[in-house]
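Colleague: For what it's worth, our numbering labels the leading residue of the sequence shown as 2, then goes sequentially. Just so you know, even glycine gets a beta-carbon here, dropped at the ideal spot from N, CA and C. A quick note: this is a predicted structure, and the numbers were derived from the prediction, not measured. Once you've had a glance at the structure underneath, I'll fire off some questions.
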Amino acid sequence: MSRASQPKRDRILVFRIGHLGDTIVALPGFQAIREAYPDAHIAFLCNAVGGREFKVPSTAALPREGLFDELIGYGVYGGARGAFEKLGLVQRLRKKKFDTVFYLLTRNRTAAQIERDKRFFRLCGIREALCVDHLSNNLLEFPTNAPLAAVQYEGDFILDSLASEGVPVGGGKVEFPLKSGFGDQTAALKWWEDQFMHGERPESFSVLGVGPGSKWPSKVWSEEKYEKTVAQLLALEDHNLFPVVFGGPEDREKGKRLISSWGKGLCAAGSLNVREAAGAMTFCDLYLGNDTGTLHMAAAAGVPCVAVFAAIDYPGRWEPPGSEHRIFRKKVPCEGCHTPDCFNNHLCLEEIGVEEVVSACRRILDEQKG
2 MSRASQPKRD RILVFRIGHL GDTIVALPGF QAIREAYPDA HIAFLCNAVG GREFKVPSTA
62 ALPREGLFDE LIGYGVYGGA RGAFEKLGLV QRLRKKKFDT VFYLLTRNRT AAQIERDKRF
122 FRLCGIREAL CVDHLSNNLL EFPTNAPLAA VQYEGDFILD SLASEGVPVG GGKVEFPLKS
182 GFGDQTAALK WWEDQFMHGE RPESFSVLGV GPGSKWPSKV WSEEKYEKTV AQLLALEDHN
242 LFPVVFGGPE DREKGKRLIS SWGKGLCAAG SLNVREAAGA MTFCDLYLGN DTGTLHMAAA
302 AGVPCVAVFA AIDYPGRWEP PGSEHRIFRK KVPCEGCHTP DCFNNHLCLE EIGVEEVVSA
362 CRRILDEQKG
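Following this line, the structure appears as structure tokens:
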């Protein structure tokens, strides 16, 4: 369906919850909605505030302009406070008179949760809920002690959800990096200049971005393995590498320890906000990190990634697509646990060796040199 043949929708609500990575992988889908309805008032609804701890709000990944006209956040609380929060949100949304909601939640939603959400939006006076059927027909379960087959990348699943409702999605894909001001290049350049006021300039070496953290401990490859991997890469005589550690404030101490062990590097963790970090990542020649929002940020910035994945989720679901990336994920009997805290001594991550990761990083670096 072409843009000209789109049904008239004047006030649109886009609903997606989660953390930073959940928003980043959905950015091409958000852009497709905006391009399909350039004159509509489009708001983004998410659980970005209150109750549950969000170290980095998901809305931090959104460009300052060009996608949404309004951001609506709500808190996640229990008991009486939760009931009042929901009632207040219903009243807020009814006053805004949205006619359509794009329901873009992840595939681990349950059928009962989807039915509850449909009733909620009807109560808000929203007459049309799109993408619900596509999600309902493709829900994922997490069986224990059973091999998991590969599934579609989350970003492409969102695009297919939109296509199922007639929204043009650029022939099936909206490619990263985005052209909508995802990263703050000006602030990133100033940060680089401040770090190298009296030393070596960024253009004189290859930048290795490193993301050793994650909000889920079950996803974290050990600090010792990051230390050994990067140390071997820094020893390569044919590549003048300089490591920069990315992440949130909670990753800063780990980053400082790693840099101390390597003998050189910068710690951007906790020093840059999401938009500034995205801008800084465009200076990277390679990114090495865990399955977390920082990884998706690097991929969105157009950086080749070597990614270390725990086997807690379906293969392919969160792996950045593209032949320029290298993904490490080992199948183990307990795969699909989908838990933030490992109960099996990080078996799936321990089986990923330093040498194979070093080899993958070197292949990408060699390819870049031609």
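1) If contact is defined by three or more beta carbon pairs under 8 angstroms, each pair taking one atom from either stretch, is the segment 22-29 in contact with the segment 296-311?
2) How about L14 and F69: do their beta carbons lie closer than 7 angstroms?
3) So, do the segment 61-76 and the segment 120-133 have three or more beta carbon pairs nearer to each other than 8 angstroms?
4) Which whole runs of the alpha helix (DSSP H) in the segment 236-268 are 4 residues long or more, in chain order?
5) Taking the alpha-carbon positions, what's the L366 to K97 distance?
6) When burial is assigned at 16 or more other CB atoms within 10 Å of the CB, is R330 buried or exposed?
7) Looking at C-alpha atoms only, which residue of C125, E86, A61, V275 is the closest neighbour of R95?
8) Give the DSSP-derived three-state secondary structure of C306 in the structure shown.
9) Roughly how many whole angstroms lie between the Cα atoms of P218 and R10?
10) Pop quiz: A312 and E336 are said to be a contact at Cβ under 8 angstroms. What is the actual Cβ separation, rounded to whole angstroms?
11) Taking three-plus beta-carbon pairs below 8 angstroms as touching, is the segment 348-356 in contact with the segment 219-226?
12) Does the distance from the C-beta atom of V208 to that of V245 stay below 7 angstroms?
13) At 4 residues or longer, what runs of the alpha helix (DSSP H) sit wholly inside the segment 276-344?
14) Please return the same chain residues whose Cβ sits closer than 6 angstroms to the Cβ of E325, not counting the five positions on each side in sequence.
15) Identify whether A27 lies in helix, strand or coil by the three-state DSSP scheme.
16) From P39 to G22, what does the alpha carbon distance come to, in whole angstroms?
17) Output the distance between the C-alpha atoms of Q233 and M282, rounded to the nearest integer angstrom.
18) Can you tell which of A147, P148, V152 has the C-alpha that lies nearest to the C-alpha of L140?
19) Any contact of the segment 266-280 with the segment 237-254, i.e. 3+ C-beta pairs under 8 angstroms?
20) Going by the CB atoms, is the gap between E86 and G76 shorter than 7 angstroms?
21) Rounded C-beta distance between G210 and Y288? I'm assuming under 8 angstroms.
22) I'd like to know whether the C-beta atoms of A41 and L163 end up nearer to each other than 7 angstroms.
23) I need the DSSP call for A189, collapsed to helix, strand or coil.
24) Give the straight-line distance between the Cα atoms of L190 and K119, rounded to the nearest whole angstrom.
25) Answer with buried or exposed for G266, where buried requires no fewer than 16 other C-beta atoms within 10 angstroms of its C-beta.
26) Could you give the distance in angstroms between the alpha-carbon of A361 and the alpha-carbon of E368?
27) Per DSSP, which residues does E207 bridge with? Please list them.
28) For V333, which residues of its own chain have a beta-carbon under 8 angstroms away from its beta-carbon, when the five flanking residues on both sides are left out?
29) Hey, K136 and R117 are a contact pair by Cβ (cut 8 angstroms); roughly how many whole angstroms apart?
30) Please classify V15: does DSSP put it in a helix, a strand, or coil?
31) State buried or exposed for G371, treating a residue as buried only when at least 16 other CB atoms are found within 10 Å of its CB.
32) For K47, name the three-state secondary structure that DSSP assigns.
33) Can the beta-carbon of G19 be found less than 7 angstroms from the beta-carbon of S59?
34) Kindly give me the distance between the Cβ atoms of D292 and W319, rounded to whole angstroms, as I take these residues to be in contact under 8 angstroms.
35) Below 8 angstroms on the Cβ atoms is my guess for L16 versus F103; work out the distance and round it to an integer in Å.
Modeller: If we stick to the structure as given:
1) Yes: the two stretches touch, three or more of their Cβ pairs being nearer than 8 angstroms.
2) In the sequence shown, residue 14 corresponds to position 13, counting from 1. In the sequence shown, residue 69 corresponds to position 68, counting from 1. Against a cut-off of 7 angstroms, the Cβ pair of F69 and L14 comes out as no contact.
3) Under the Cβ criterion (8 angstroms, minimum of three pairs), the segment 61-76 does not count as touching the segment 120-133.
4) The alpha helix (DSSP H) runs lying completely inside the segment 236-268 and spanning 4 residues or more are 253-263, given in chain order.
5) Taking the sequence shown and counting its residues from 1, the one referred to as residue 366 is at position 365. Taking the sequence shown and counting its residues from 1, the one referred to as residue 97 is at position 96. Whole-angstrom Cα-Cα distance: 51 angstroms.
6) Translated into the one-based positions of the sequence shown, residue 330 becomes position 329. Here R330 is buried, its C-beta having at least 16 other C-beta atoms within 10 Å.
7) As a first step, residue 95 is located in the sequence shown; it is residue number 94 there, counting from the start. Ranked by Cα distance from R95, the first of C125, E86, A61, V275 is C125.
8) As a position in the sequence shown, residue 306 is number 305, starting the count at 1. C306 falls in the strand class under three-state DSSP.
9) Position 217 of the sequence shown, counting from 1, holds the residue named residue 218. Position 9 of the sequence shown, counting from 1, holds the residue named residue 10. So the alpha carbons of these two residues sit roughly 43 angstroms apart.
10) Taking the first residue of the sequence shown as 1, we reach residue 312 at position 311. Taking the first residue of the sequence shown as 1, we reach residue 336 at position 335. Taking 8 angstroms as the upper bound for CB-CB distance, A312 and E336 are in contact here, some 4 angstroms apart.
11) By the Cβ criterion, the segment 348-356 is in contact with the segment 219-226, since at least three pairs of Cβ atoms, one from each stretch, lie closer than 8 angstroms.
12) Taking the sequence shown and counting its residues from 1, one reaches residue 208 at position 207. Taking the sequence shown and counting its residues from 1, one reaches residue 245 at position 244. In contact: V208 and V245 (Cβ atoms closer than 7 angstroms).
13) List check, alpha helix (DSSP H) in window: 294-301.
14) Residue 325 sits at position 324 when you count from the first residue of the sequence shown. P305, listed in sequence order.
15) Residue mapping note: residue 27 aligns to position 26 of the sequence shown, counting from 1. A27: coil per DSSP, three-state reduction.
16) For the purposes of this step, residue 39 is taken as the residue at position 38 of the sequence shown. For the purposes of this step, residue 22 is taken as the residue at position 21 of the sequence shown. When rounded, the distance between both Cα atoms is 25 angstroms.
17) If you number the sequence shown from 1, residue 233 lands on position 232. If you number the sequence shown from 1, residue 282 lands on position 281. Using only the alpha carbons, I get a separation of about 22 angstroms.
18) One-based indexing of the sequence shown puts residue 140 at position 139. When C-alpha distances from L140 are compared across A147, P148, V152, the shortest belongs to V152.
19) With the rule of 3 Cβ pairs closer than 8 angstroms, the segment 266-280 counts as touching the segment 237-254.
20) On the sequence shown, residue 76 is found 75 positions in, with the first residue counted as 1. On the sequence shown, residue 86 is found 85 positions in, with the first residue counted as 1. Against a cut-off of 7 angstroms, the Cβ pair of E86 and G76 comes out as a contact.
21) Mapped onto the sequence shown, residue 210 falls at position 209. Mapped onto the sequence shown, residue 288 falls at position 287. Their Cβ separation, rounded to whole angstroms, is 4 angstroms, which keeps G210 and Y288 in contact under 8 angstroms.
22) Position 40 of the sequence shown, counting from 1, holds the residue named residue 41. Position 162 of the sequence shown, counting from 1, holds the residue named residue 163. Contact: no.
23) Taking the sequence shown and counting its residues from 1, one reaches residue 189 at position 188. Of the three classes helix, strand and coil, the one that applies to A189 here is helix, per DSSP.
24) Within the sequence shown, residue 190 is the residue found at index 189, counting from 1. Within the sequence shown, residue 119 is the residue found at index 118, counting from 1. Taking the straight line joining both Cα atoms gives about 45 angstroms.
25) Reading the sequence shown from its first residue, position 265 is the one you call residue 266. Here G266 is buried: its Cβ has 16 or more other Cβ atoms, across all protein chains shown, within 10 Å.
26) Here residue 361 refers to the residue found at position 360 of the sequence shown. Here residue 368 refers to the residue found at position 367 of the sequence shown. Distance between the alpha carbons of A361 and E368 is about 11 angstroms.
27) Residue numbering aside, residue 207 sits at position 206 when the sequence shown is read from its first letter. One detail in the question is off: residue 207 reads as Ser in this sequence, not Glu. Its beta-bridge partners are L242.
28) Taking the sequence shown and counting its residues from 1, one reaches residue 333 at position 332. Counting only Cβ-Cβ distances below 8 angstroms, and skipping sequence neighbours, we find A312, N345, L348, C349, E352.
29) Here residue 136 refers to the residue found at position 135 of the sequence shown. Here residue 117 refers to the residue found at position 116 of the sequence shown. According to the sequence as given, residue 136 is Leu; it is not Lys. With a Cβ gap of about 14 angstroms, L136 and R117 do not count as contacting.
30) Within the sequence shown, the letter at position 14 stands for residue 15. V15 carries a strand assignment under DSSP once its states are collapsed to helix, strand and coil.
31) Within the sequence shown, residue 371 is the residue found at index 370, counting from 1. By the 16-neighbour rule on beta-carbons within 10 angstroms, G371 is exposed.
32) Here the question's residue 47 lines up with position 46 in the sequence shown. Checking the sequence, you will find Cys at residue 47 rather than Lys. DSSP places C47 in strand when its eight states are reduced to three.
33) The sequence position of residue 19 within the sequence shown is 18, counting from 1. The sequence position of residue 59 within the sequence shown is 58, counting from 1. For G19 and S59, yes; Cβs fall inside 7 angstroms.
34) Counted from its first residue, the sequence shown places residue 292 at position 291. Counted from its first residue, the sequence shown places residue 319 at position 318. So it is a contact: roughly 6 angstroms between Cβ atoms.
35) Your numbering for residue 16 matches position 15 in the sequence shown. Your numbering for residue 103 matches position 102 in the sequence shown. It is worth fixing the name first, because residue 16 is Phe in this sequence and not Leu. The Cβ separation is near 7 angstroms, so the contact holds.
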